[in-house]
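Each residue of the sequence shown is one higher than the one before, starting from 1 at the first, in this note's numbering. Quick reminder that beta carbons are idealized off the backbone N, C-alpha and C, glycines included.
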Amino acid sequence: MGTDGAGHVARSTIRPYSETLNVTRDVAPMRTFLRTADGVAIDSVYEPGGVVHDSGKVVYERVDEGARNGSGNAISGVSQGLVFVIAHGFTGDADRPHVRRVARVFARYGSVVTFSFRGHGRSGGRSTVGDREVLDLAAAVAWARELGHTRVVTVGFSMGGSVVLRHAALDASGVEAVVSVSAPARWFYRGTAPMRRLHWLVTRPSGRLVGRYGLRTRIHHRQWDPVPLSPVEAVPRIAPTPLLVVHGDQDAYFPLDHPRMLADAAGEHGELWVEPGMGHAENAAPEPLLRRIGDWAVARAG
1 MGTDGAGHVA
11 RSTIRPYSET
21 LNVTRDVAPM
31 RTFLRTADGV
41 AIDSVYEPGG
51 VVHDSGKVVY
61 ERVDEGARNG
71 SGNAISGVSQ
81 GLVFVIAHGF
91 TGDADRPHVR
101 RVARVFARYG
111 SVVTFSFRGH
121 GRSGGRSTVG
131 DREVLDLAAA
141 VAWARELGHT
151 RVVTVGFSMG
161 GSVVLRHAAL
171 DASGVEAVVS
181 VSAPARWFYR
191 GTAPMRRLHW
201 LVTRPSGRLV
211 GRYGLRTRIH
221 HRQWDPVPLS
231 PVEAVPRIAP
241 TPLLVVHGDQ
251 DAYFPLDHPR
261 MLADAAGEHG
271 ELWVEPGMGH
281 AENAAPEPLL
291 RRIGDWAVAR
301 AG
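Okay, here's the thing in structure tokens:
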């Protein structure tokens with residue numbers, strides 16, 4: 001499973017049913033399928049900052065039209081400035097409640113793009129567990145730029161945390177700040193029971209069946225070839241882009257040597273927050289922590 005270049009945006013979008021929303025700006029949310037550089041369709045959602053969801057759910061009407069006008073310019077009225085692009089963890093997707101909760105918090109600070117990695121949710125393809133997913137994130141970041149946003153902050157959780165690190169390392173000028181939450185520092189880690197179960201899920205045919213039918217995650221059967229750049233190898237290449245590494249001291253998947261390795265590799269351009277009592281990834285991230293991350297992103301991204 002190798003890695004190609006950055007993704008590009010497909011010409012398909014969704015018009016929101018604005019009657020179902022309480023929108024506090026003049027721009028409504030959009031949903032679209034983006035096309036990655038290797039041809040995978042990625043289900044993606046854009047929500048302008050200030051959108052409030054009374055029910056926690058957004059209803060869209062699909063239409064066959066581009067996200068840009070005939071002159072190639074971004075849609076008129078789309079808010080400029082800061083946008084958060086959220087990369088979920090393994091077995092998550094853009095519609096999962098914990099991903100929607102994260103999006104609602106960050107919408108207080110800027111606009112938000114959420115998407116489902118390949119093999120997850122409505123997206124096409126099969127999961128490569130952090131390898132080609134960097135192309136999915138690249139397509140989402142490119143879409144945010146095409147919508148007119150000048151400041152992009154990527155926020156990744158667990159597998160998504162490793163993806164935002166590698167994406168920034170491959171294109172350090174592509175984002176203004178990076179936040180990696182509950183990410184591994186190195187590949188093939190099997191030192192905890194949850195990670196041993198995850199390796200069974202990914203490497204065994206019976207595990208992949210459980211992933212498909214029990215976890216709604218379609219996992220590729222091929223091994224990595226070549227092995228992608230590890231997170232700890234990626235981190236030094238991110239400088240001078242600001243980097244925040246967040247990890248719970250009760251994380252059952254990755255012990256604290258992982259975030260400490262990432263912080264050491266980052267040097268002066270990175271920050272490490274070890275959160276007392278926090279477990280793993282989106283489900284374990286309390287709202288006060290998400291608000292602190294939002295404040296950090298606003299301060300660092302300008």
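- Per DSSP, the unbroken beta strand (DSSP E) holding Arg31 starts and ends at Met30 to Arg35.
- In summary, Leu256 is exposed, with fewer than 16 beta-carbon neighbours lying within 10 Å of its beta-carbon over all protein chains present.
- By alpha-carbon distance to Gly248, the top candidate from Val163, Val134, Glu47 and Leu289 is Leu289.
- Here the alpha carbon of Tyr213 sits roughly 34 Å from the alpha carbon of Pro48.
- DSSP, reduced to helix, strand and coil, places Gly191 outside both helices and strands of the structure shown, so it counts as coil.
- Of Ala252, Thr203 and Phe115, the smallest CA-CA separation from Asn283 is found for Ala252.
- Straight-line measurement puts the Cα of Gly277 at about 10 Å from the Cα of Pro286.
- Closest by C-alpha distance to Pro184, out of Val129, Leu137 and Arg122, is Val129.
- Here Val134 is not near Phe157, since their CB atoms are 8 Å or more apart.
- Separation of the CB atoms of Thr114 and Ala103 is rounded to 5 Å, and the pair is thereby assigned contact status at 8 Å.
- With the rule of 3 Cβ pairs closer than 8 Å, the segment 81-95 counts as touching the segment 138-155.
- In chain order, Ile238, Ala239, Pro240, Thr241, Pro242 and Leu243 place their CB closer than 8 Å to the CB of His269, counting only its own chain and leaving out the 5 sequence neighbours on each side.
- Pairing Ala87 with Val164 gives a Cβ-Cβ distance under 8 Å.
- Distances from the alpha-carbon of Ala234 to those of Ala193, Met261 and Leu201 put Met261 closest.
- Of Tyr109, Val45 and Met195, the smallest CA-CA separation from Arg300 is found for Tyr109.
- Between Ser116 and Asp43, the CB-CB gap stays under 8 Å.
- Closest in C-alpha terms to Val274, from the list Ala266, Pro259, Asp38 and Pro228, comes Pro259.
- The alpha-carbon of Pro236 is positioned some 6 Å away from that of Ala265.
- Sequence-distant partners of Leu229 (beyond 5 residues in either direction) whose C-beta falls short of 7 Å from its own C-beta, in its chain, are Arg166 and Ala169.
- Our two residues, Ala94 and Trp200, have alpha carbons roughly 25 Å apart in a direct line.
- Out of Arg132, Arg100 and Met30, the CA that lies nearest to the CA of Asp225 is found in Arg132.
- In the DSSP assignment, Ala140 falls outside any beta strand (DSSP E) and lies within the alpha helix (DSSP H) extending over Glu133 to Glu146.
- Relative to Phe188, the option among Gly121, Arg31 and Phe254 whose CA is nearest is Phe254.
- With 16 or more other Cβ atoms from the protein chains shown falling within 10 Å of its own Cβ, Gly294 counts as buried.
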